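Working notes for the structure below.
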Amino acid sequence: MSDLPRLDQSGAQVPFINHSIDDFTPQDFMDYEFMASNYIHSTDGLNASKPIPSLAIGFKDPLVRDWYMADIARLCCLSLPSFVAEMRAAFLPRGWDTDIRDSILASKQAGGETVALWISRLRAENTLLRNTPHHLTNEDLLLHFKQNLKSSLSAANRNDASARKEVDLMKWILRIKRLEEDTGVGRDPASNVQNASVSRPSSSDRSRYPDTSKRKRSRSSDSDSRHISRSKRVSSRSPQRAHRRRRHRSNERNTDRHWEPTLSSSPTRNHNSGRRTRSISPSPAISMPTEVKSERSPSPLSIAMPGGPVINHLGLPVLTVGQRQFIARRGGCFKCRRIKVKHHSDDCPFGYPSEDDYRGITLADGVTLASDAKFLSATAM
1 MSDLPRLDQS GAQVPFINHS IDDFTPQDFM DYEFMASNYI HSTDGLNASK PIPSLAIGFK
61 DPLVRDWYMA DIARLCCLSL PSFVAEMRAA FLPRGWDTDI RDSILASKQA GGETVALWIS
121 RLRAENTLLR NTPHHLTNED LLLHFKQNLK SSLSAANRND ASARKEVDLM KWILRIKRLE
181 EDTGVGRDPA SNVQNASVSR PSSSDRSRYP DTSKRKRSRS SDSDSRHISR SKRVSSRSPQ
241 RAHRRRRHRS NERNTDRHWE PTLSSSPTRN HNSGRRTRSI SPSPAISMPT EVKSERSPSP
301 LSIAMPGGPV INHLGLPVLT VGQRQFIARR GGCFKCRRIK VKHHSDDCPF GYPSEDDYRG
361 ITLADGVTLA SDAKFLSATA M
């Protein structure tokens, strides 16, 4: 059996149909029609109204050659589109064109598929139906696209007057792509995590916090030095003692199954009573159910933006890169900001958290962060 491809053409020479164990596909005949048309229009002295005898030289497949010889008197007088239609009828299964049309009309935009990819795929399938009665017009495609968008993008299309009223397919495609980019709908959580970046302060914020970068570097340096100091203390202890201490801390974390506001690691002294007290952090980035001791390095989940967290239009702190990575790796939702849930932002049943009740990233099932110490340390570096 020959290892040659099904179709072969060198430059503008006659295209060859080689023998293959694979069945013909609609794509094969669309490609052959393009090759043959290119050969006909680039060859001088060839009768464009009767090109089939010149193309027959390239019939290397014995099945195609036998089919052609059985009805050569009729087939050699056909135009190229009519001849390709005869080939499709002879070598493709009956109803192939209706199957492709039905597949296009039954397609809906999937949850993790961008609108550009979905539209491009359906339009490419529709090209296989060219010169058939089942080929869909641009008006047919536009109507189908508008009716089968994913729910979040469909709502954006309805709310945009120009997109809703657009009747030109190409203009609507450009508009719906821009809507998807502007609103952020149609992106899956994984891509959100990969493309997420820390929200940059506006010009007004930069004027209010001119030393933001200095404070950020200083805070990172202090955190690193405390982490190194603590590592040296732990390494100096015996393995048995260090193991018992880790188990004790793990038990402390698991005693409380609910999330509470993070306690500040810097104690303050009450001048009236002389007792040491701990102050509640006013806006923790992520809450942890443990009592923070002064000898421990600060939790990377409690790191907030310099000068306070950046607040979005809903009155909620904007998620940082570390927080988005934490949510994504634990099956979380960027909308309700819960983890260990079985939904994403597009189909979130809880919605955005209340501005008044929001206290950080929460776990509805009470799972603690004790098992995530290794990941949290890595993200803080």
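Here the UniProt record's numbering is used: the first residue of the sequence shown is 1, the next is one more, and so on.
In this text, a Cβ means the ideal position worked out from N, Cα and C, and glycines have one as well.
All figures in this text were calculated on a predicted structure; none of them were measured in a lab.
If you look at L63, you'll find it in the alpha helix (DSSP H) that goes 62-70. A straight line joining the alpha-carbon of L75 with that of L105 spans about 34 Å.
Annotated three-state conformation of R338 is strand, per DSSP. Remark: fewer than three beta-carbon pairs, one from each stretch, lie closer than 8 Å, so the segment 113-125 and the segment 69-83 are not flagged as touching. Counting only runs that start and end inside the segment 89-174, the alpha helix (DSSP H) elements of at least 4 residues fall at 96-105, 115-127, 138-147, 151-159, 161-165.
Contact check for P15 against M30 fails: the beta carbons are separated by 7 Å or more. In the DSSP assignment, I327 falls within the unbroken alpha helix (DSSP H) covering 321-329.
For L55, the secondary structure class from DSSP, reduced to helix, strand or coil, is helix. Q109 is positioned such that its CB atom lies closer than 7 Å to that of K150. Beta-bridge partners assigned by DSSP to L7: I17.
D28: member of the alpha helix (DSSP H) spanning 26-42, first to last residue.
Within 10 angstroms of the beta-carbon of P51 lie 16 or more other beta-carbons, which makes it buried.
In this structure, DSSP gives P81 a helical state, which the three-state scheme calls helix. Within 10 angstroms of the beta-carbon of H41 lie fewer than 16 other beta-carbons, which makes it exposed.
Taking C-beta atoms as the reference points, L129 and H135 count as a pair closer than 7 Å.
Here G58 has V14, P15, F16, I17 as same chain residues with Cβ atoms under 7 Å from its own Cβ, once five neighbours each way along the sequence are excluded. Apart from the 5 residues on each side of it in sequence, T127 sits with its Cβ closer than 8 Å to the Cβ of M30 in its chain, given in chain order.
In its chain, beyond the 5 residues on either side, N157, W172, R175, I176, L179 have a beta carbon closer than 7 Å to the beta carbon of A163. Inter-residue distance for D22 and L92 is about 12 Å (C-alpha atoms, whole angstroms). Closest in alpha carbon position to S20, among Q147, P5, G11, is P5. S107 sits away from D346, with the two beta carbons spaced by 7 Å or more. The C-alpha of F24 lies about 42 Å from the C-alpha of A155.
Cβ neighbours of E113 within its own chain (closer than 6 Å, five residues either side excluded): none. Looking from the CA of A85, the closest CA among I100, N131, K60 belongs to N131. Residue burial is scored here from C-beta neighbours: V318 has fewer than 16 other C-beta atoms within 10 angstroms and is therefore classed as exposed. Contact check for Y32 against A12 fails: the beta carbons are separated by 7 Å or more.
Annotated three-state conformation of E180 is helix, per DSSP.
Inter-residue distance for S37 and S54 is about 12 Å (C-alpha atoms, whole angstroms). L316 and Y358 have their C-alpha atoms roughly 8 Å apart.
Judged by their CB atoms, R330 and P353 are not nearer to each other than the 7 Å cut-off.
Under the criterion of beta carbons closer than 8 Å, E139 and I100 do not qualify as touching, at roughly 18 Å.
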